[in-house]
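Read the structure below first, then the notes.
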Amino acid sequence: MLTSFHSESSSKSNPSERRTIVDCPATVTEIWDMTPTVKSLNLFVNQYQFLDYKAGQWLEFKIPELKRMGSFTMCTSPLKFKKTGNIQLAVKYSDHKPTAWVHTNCKVGHQITISFGGDFHYNPTVDDPTHDLLLIGGGIGVNPLFCIMNLIADYNVMNKENNSRCYQPGNVQLLYSVRTVNDIQFKDNLEKLENENENISCKFFVTKEKPNDKNIINRRINSEDIKEALQKLDRGNCYIYICAPGEMMDDMEEILEDMEFDSSKIRTGRWW
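Sequential numbering from 65 applies to the sequence shown in my numbering.
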């Protein structure tokens, strides 16, 4: 859960894009434990046919009995949402009231009100040239990156089916770091995306314990990992999306600055 989420971008965003004009009713249709500290829930949005959002944006969550609101990043591809009206959230526990409500009071059938917003997003158009993506996530910051990856996978399917004109994705590399193996979110889903899409690759890092899985690296993401990822991508035609807590974000930005990576192609979302 992004109790406080701040998105930054080197490109200026239109203030009107930060939030949808209207609040929309939604219903909790499913809720489950994703990790020991993260609950996932599915929402059905009543008027989804008239709504859309961009991959990576947040959902503003209004609960009738609470005066405070929470902002949570969405996991579901915008293309899937347009077909089904369903949105998945992953919410990490904290004592922030909306977050605590999700973990302790939220039940299937509960009615809430939502709106969409945020300028940390990925929204290629059909006429955009193909480009690569390096996604770097820390902890719950993987949520918007998972959303972006789901969108890429949807574009891949559409291009294979040849039934519509859409954006042609490039290659995608994910570097994802957490404290413990139990903190890894969407591991099965991410591995499935990797196995089913030739242009998607994932690398997992755990910092506080030695994992038994040989495919999980026991340390922080470092400059060599980023260099290796960029070597597999077209550096001159690559965008980097980073969503992580403050200290990790600072480290990643410093590494990219030392590498003299084009700052206009870096998008960042901090959470704390």
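No residue lacks a Cβ here, since even glycine has one placed at the ideal position from N, Cα and C. Quick caveat: nothing in here was measured; it's all calculated off a predicted structure.
Segment contact flag, the segment 205 to 212 with the segment 135 to 148, C-beta cutoff 8 Å, min 3 pairs: yes
Residue nearest to I216 in terms of C-alpha spacing, selected from Q232, I95 and G203: In the sequence shown, residue 216 corresponds to position 152, counting from 1. Of the residues Q232, I95 and G203, the one whose Cα lies closest to the Cα of I216 is Q232.
Per-residue burial, Q249 [other beta carbons within 10 Å of its own, 16 or more giving buried]: Taking the first residue of the sequence shown as 1, we reach residue 249 at position 185. Here Q249 is buried. Its C-beta has 16 or more other C-beta atoms within 10 Å.
Spatial distance of F180 from Q121 (CA atoms): Counted from its first residue, the sequence shown places residue 180 at position 116. Counted from its first residue, the sequence shown places residue 121 at position 57. Those two C-alpha atoms are separated by around 7 Å.
Start-end ranges of the beta strand (DSSP E) lying completely within the segment 210 to 244, minimum 3 residues: Runs of the beta strand (DSSP E) inside the segment 210 to 244: 236 to 242.
Classification of Q237 by the beta-carbon crowding that lies within 10 angstroms, buried from 16 upward: By 1-based counting over the sequence shown, the position of residue 237 is 173. Within a 10 Å sphere around the beta-carbon of Q237 sit 16 or more other beta-carbons, which makes this residue buried.
Nearest to T168 (by Cα), restricted to the options W96, G203 and N220: Mapped onto the sequence shown, residue 168 falls at position 104. If we check each option's Cα against that of T168, W96 comes out closest.
For S141, three-class secondary structure by DSSP: Locating residue 141 in the sequence shown gives position 77, counting from the first residue. The answer is coil: DSSP assigns S141 none of H, G, I, E or B.
Contacting residues, own chain, Cβ-Cβ under 7 Å from T99 (five flanking each side not counted): Within the sequence shown, the letter at position 35 stands for residue 99. N246, D247 and Q249.
Counted within 10 angstroms of its Cβ, other Cβ atoms place F114 as buried (16 or more) or exposed: For this step, residue 114 is matched to residue 50 along the sequence shown. That one is exposed.
Exposure of R132, with buried meaning 16 or more beta-carbon neighbours within 10 Å: Taking the sequence shown and counting its residues from 1, one reaches residue 132 at position 68. Answer is exposed; the Cβ neighbour count stays below 16.
Those residues which DSSP pairs with A164 across a bridge: Here residue 164 refers to the residue found at position 100 when the sequence shown is read from its first residue. Paired residues: none, contrary to the question.
Residue environment, P89, which counts as buried when at least 16 other CB atoms sit within 10 Å: Mapped onto the sequence shown, residue 89 falls at position 25. Here P89 is exposed. Its C-beta has fewer than 16 other C-beta atoms within 10 Å.
Expected contact under 8 Å - CB spacing of R334 and M313 to nearest Å: Residue numbering aside, residue 334 sits at position 270 when the sequence shown is read from its first letter. Residue numbering aside, residue 313 sits at position 249 when the sequence shown is read from its first letter. R334 to M313, Cβ: 5 Å. Contact.
Coil, strand or helix - D247 by DSSP: Reading the sequence shown from its first residue, position 183 is the one you call residue 247. In this structure, D247 counts as helix in the three-state DSSP scheme.
Where the alpha helix (DSSP H) containing S287 begins and where it ends: Here residue 287 refers to the residue found at position 223 of the sequence shown. S287 to Q295 is the extent of the alpha helix (DSSP H) around S287.
Cβ neighbours of K103 in the same chain (closer than 8 Å, five flanking residues each side left out): Within the sequence shown, numbered from 1, the residue matching residue 103 stands at position 39. These residues qualify, in order along the chain: I95, W96, D97, A154, V155, Y157, V166, H167 and C170.
Straight-line gap, F108 to D289 (C-alpha atoms, nearest Å): To locate residue 108, count along the sequence shown from 1; it is residue 44. To locate residue 289, count along the sequence shown from 1; it is residue 225. Going by the C-alpha atoms only, they are around 39 Å apart.
Contacting residues, own chain, Cβ-Cβ under 6 Å from R243 (five flanking each side not counted): Taking the sequence shown and counting its residues from 1, the one referred to as residue 243 is at position 179. Around R243: T271 and K272.
Whole runs of the alpha helix (DSSP H) within the segment 261 to 326, excluding any shorter than 4 residues: 287 to 295 and 310 to 322
Cβ separation of Y117 and I212, assumed to be a contact under 8 Å, to the nearest whole Å: Numbered from 1 along the sequence shown, position 53 holds the residue referred to as residue 117. Numbered from 1 along the sequence shown, position 148 holds the residue referred to as residue 212. Going by Cβ atoms, the distance from Y117 to I212 rounds to 12 Å, so no, they are not a contact pair.
Residue closest to P309, alpha-carbon to alpha-carbon, out of S241, R283 and K146: In the sequence shown, counting from the first residue as 1, residue 309 sits at position 245. Cα-wise, what sits closest to P309 is S241.
For K103, the three-state DSSP class (helix, strand or coil): If you number the sequence shown from 1, residue 103 lands on position 39. Strand.
C-beta contact flag for H195 and Y303 at 8 Å: Here residue 195 corresponds to residue number 131 of the sequence shown, with the count starting at 1. Here residue 303 corresponds to residue number 239 of the sequence shown, with the count starting at 1. Closer than 8 Å, so yes.
Complete runs of the beta strand (DSSP E) confined to the segment 167 to 202 [at least 3 residues]: Within the segment 167 to 202, complete beta strand (DSSP E) segments of at least 3 residues are found at 175 to 181 and 196 to 202, given in chain order.
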